[in-house]
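Written below as structure tokens is the structure these notes are about.
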Amino acid sequence: MDVPLAIACRKINKRYPHFSLSDVDLSVEEGTVMGLVGPNGAGKSTILRMVMGLIGPDSGSVTVLGHRMPDEQMAAKRDIGFVAEDMRLYESQSIAFHMDFVKSIFDSWDDTYAANLLRSFDLKKEQKVKGLSHGQRVKATLLLALARRPKLLVFDEPTTGLDPAVRKEVIDEMMNALESESHSILFSSHNTLDVEQISDYITFIYGGRIIESCNKEDFMDGWRRIRLSNPDGKPLPMLKNIKEMQQHGRLCSLTVDQYDEGVAEHLRQSGLKVDAVERLTLEEIFLSNVHHAKANLSKEAGL
Amino acid sequence: MSTSIIPQLLKKDFMLSRRMILVFCLVSLLGVVAIALLFGRVPDWALINVGFLLLMSPAATCGIVLLMTTVVFEKEKSTQAFIMSLPVTPRHYALSKLLINVGVFGVFWLAISAIAFYFAFGRGLFPSGTMPFVIMVLLGAFVAYIGILSVSLWRQSLGLTVLSIALFEMGTSAYLWVVAFLDPVADFIYGPEPVWNSTAVGIVSAQVLVAVGLIAMTLLYQSRRRDFL
Amino acid sequence: MKYGFVFSKTDKRPMYQQIMEQIVQRIAVGDWPPNTPLPSVRELAADIKVSIITVKRAYLELGRDGVITTQQGKGTWVSESLDMKRLQREELAEHLAHAAKLADSLGISEAELLQMLKKYV
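Residue numbers (my numbering), protein chains in the order written: chain C, 17 to 319; chain H, 350 to 578; chain Y, 388 to 508.
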């Protein structure tokens, strides 16, 4: 079963003076939500800009909605709505000015939807951009992207810096946009709760490399924290899916991925007592991944 | 091939700048009125100097300010990211900026040239022999403007643009002084008839070629650009 | 919120299980009698603002348990011959199995376990 891909990045490489993307593979199936998670400077913004055709890779290919980027960016951008943290509107102009401007460019602009969004977002179109708060600006920029009903939404940190109420409004409208089967979302976020809630797929990026990319449910299912007691001081089996280990006296805590019942059994058979097996939140998984990736990088660097 | 959005970009930039353009039009008008009133009432050399200033300053200032707001500040204020998220390529973006800036400045420049010609030769302020040189001066201003615009589109950096303004200004003045004293030109400047010898033709042609060349280079550079941000 | 699902952010269980519970509750209470059509995965996901894959999982698990029935092209509905009591019994059996395992790993004897159970009956 081959679901068409809204986005297909293959073996992307890009070198900057202080940073590089290495061998990045990223695919987003049509009709799904992909959440891109990673610390600052990991390369999320760079990837998103490549998807938009604003940056060209040194090697590898970027295909968005069937168009090669950045060569066919004009055709692709007709169907993409982009919102980024460092994007600004014209301060001296009103929201209406921007709406008219975008409407004059896109046939797909939906006046009714735009009016609904103004209402949901509690914005008045006569308001000038310079008088808007940060949250209102983000919502205005979002409105301009959503009202044209693009097939793909690409959002760089859409909820960063927003208060909980505005954050909810933004997430709600993002999800509303997905009612159509052919619409997809790629977004990057620090906010692991948002990513956990709405993503179908999650991609972890660290230091310019993709650490993991998979189905959210399978992913969350696979990680566990196992709390053990080791009263007889038995040695711990070196299972390869142990991502983190903490030991204090006779107590031990393991963070593992690709968990299944066999892991707990194996530990029991090694003479350890399993006190608890807990699921992890995405934030905990994220931290564990970063920790592990950092440790790996240090090992590679021979430190 | 998708339709370009250059008309919408031009309309947008014009809407954003129209008040400023209007102000400069009014100032220029006042300048022209002042020249007309002063004509005959002040010594010719004074009128020439003041006239030149009154005509060129508003036009040059308007051109520079427009260039700054449409090109440099759009990057500094990050509105460029918003525009680039729309269906537009770097080449079309640059083309729209060239069109509006050269368009607005061009209108001012043509008006100034016409007015200058009227007062200089229509009303006999200069001997006709000066015509080639006057044309060189006017073209010099135009080439300088294109040069500054090209630099600003190349890097959209405030510092670099300001530097290029200074360099082109000094460069153009220096160049015109040199030209004025070149024998093939100087010999005929005060004459009663315009003399288009090979030097004069050569210089004017070179100016036109440089202007066209700069525009072509700018567009070529933007078409090949793979990293916009 | 068209379907009125209520989720707790402090509930440690995964979201798909919470969704399953909400659906089962509606069936048990009688709000969704047998043969009631369920919203499409996409519709429900957009309504409760949760990823489609999570809703898909919930539907999948409920389908496996026989609580709901899905047919290609026809959609999903509450199973006709639904034996709520049987399902709840099965759920109880699962809990008891889990308790037994835990007791075993804690070294609690069968007698002690029964004693503990008596306290809660």
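Glycine included, C-beta positions come from ideal geometry on N, C-alpha and C.
Measure the Cβ-Cβ separation of residue i and residue j and say whether it is below 8 angstroms.
| i | j | result |
| --- | --- | --- |
| C/V40 | C/I218 | no |
| C/V145 | C/E189 | no |
| C/M90 | H/V437 | yes |
| C/S200 | C/T48 | yes |
| H/L387 | H/V376 | no |
| C/E228 | C/E173 | no |
| C/H282 | C/P251 | no |
| C/L298 | C/T208 | yes |
| H/T410 | H/F466 | no |
| H/Q556 | H/M485 | yes |
| H/L444 | H/S366 | no |
| H/V313 | H/I370 | As displayed, chain H neither begins before 350 nor continues past 578, which places residue 313 of chain H out of reach and without an answer. |
| C/G51 | C/V211 | yes |
| C/D273 | C/N257 | yes |
| Y/P420 | Y/W464 | no |
| H/F431 | H/G478 | no |
| C/L159 | C/A193 | no |
Only counting the same chain, and skipping five residues up and downstream in sequence, which positions put a Cβ closer than 6 angstroms to that of residue i?
| i | result |
| --- | --- |
| H/G514 | Reading off the sequence shown, one finds Ile at residue 514 of chain H, where the question assumed Gly. Taken in chain order, the residues that qualify are I497. |
| Y/Q409 | F392 |
| Y/K389 | D434 |
Take the Cβ of residue i as the centre, count every other Cβ of all protein chains shown within 10 Å, and call the residue buried at 16 or more, exposed below.
| i | result |
| --- | --- |
| H/Y494 | buried |
| H/Q429 | buried |
| C/E233 | buried |
| C/C230 | exposed |
| H/M566 | exposed |
| H/W394 | exposed |
| H/S572 | exposed |
| H/W526 | exposed |
| H/Y539 | exposed |
| C/G82 | exposed |
| H/G489 | buried |
| Y/M503 | exposed |
| C/A58 | buried |
| H/G412 | buried |
| H/F530 | exposed |
| C/F220 | buried |
| H/A560 | buried |
| C/Q263 | exposed |
| H/L407 | Before going on, a small fix: residue 407 of chain H reads as Pro here, not Leu. Answer is buried; the Cβ neighbour count reaches 16. |
What does a CB cutoff of less than 7 angstroms around residue i pick up in its chain, not counting 5 residues either side in sequence?
| i | result |
| --- | --- |
| C/S38 | N29, G224, R225 |
| C/D179 | G151 |
| C/A92 | G69, V80, L81, H83, M85 |
| H/F577 | M433, P439 |
What residue range is occupied by the uninterrupted beta strand (DSSP E) comprising residue i?
| i | result |
| --- | --- |
| H/I464 | First-last for H/I464: 439-466, but that is the alpha helix (DSSP H), not the beta strand (DSSP E). |
| C/A309 | Per DSSP, C/A309 belongs to no beta strand (DSSP E); it is in the alpha helix (DSSP H), 298-316. |
| C/V293 | 289-295 |
| C/N29 | 21-32 |
| Y/Q458 | 455-458 |
| C/D39 | 35-45 |
| C/L64 | Here C/L64 belongs to no beta strand (DSSP E); instead the alpha helix (DSSP H) covers 60-67. |
| C/H83 | 83-85 |
| Y/K442 | First, the residue type needs correcting, since residue 442 of chain Y is Val and not Lys in the sequence shown. Segment 439-451 is the alpha helix (DSSP H) holding Y/V442; no beta strand (DSSP E) there. |
Who are the near neighbours of residue i in its chain, counting only those whose CB is closer than 8 angstroms to its CB and skipping five residues on each side?
| i | result |
| --- | --- |
| H/P533 | N546, S547, T548, A549 |
| H/M350 | Residue placement at H/M350 cannot be trusted, given a pLDDT of 43 that sits under 50; what the coordinates show is reported in the next sentence. Around H/M350: no qualifying Cβ. |
| C/S245 | R266, L267, C268, L288, K289, D291 |
| C/R183 | T175, N207, D210 |
| Y/I439 | V428, R429, A432 |
| Y/T397 | none |
| C/L313 | G223 |
Between residue i and chain D, is there a C-beta pair that is closer than 8 angstroms?
| i | result |
| --- | --- |
| C/K250 | Of the protein chains in this structure, namely C, H and Y, none is chain D. |
From what residue to what residue does the alpha helix (DSSP H) around residue i run?
| i | result |
| --- | --- |
| C/Q263 | Segment 258-264 is the beta strand (DSSP E) holding C/Q263; no alpha helix (DSSP H) there. |
| H/Y570 | 547-573 |
| C/L209 | 208-214 |
| H/G400 | 393-416 |
| H/V511 | 507-530 |
| C/S136 | 127-137 |
| C/I218 | Taken as a continuous stretch (DSSP letters only), C/I218 belongs to no alpha helix (DSSP H), being part of the beta strand (DSSP E) at 217-222. |
| H/E425 | 422-425 |
| C/N192 | 180-192 |
The stretch 304-312 of chain C contacting the stretch 412-432 of chain H, beta-carbon criterion three pairs below 8 angstroms: no
Could you say if the stretch 449-457 of chain Y and the stretch 469-487 of chain Y meet the contact criterion of at least three C-beta pairs nearer than 8 angstroms? yes
Does the count of Cβ pairs from the stretch 118-133 of chain C and the stretch 150-170 of chain C closer than 8 angstroms reach three? yes
Given 8 angstroms, three or more beta-carbon pairs between the stretch 457-475 of chain H and the stretch 400-408 of chain H: yes
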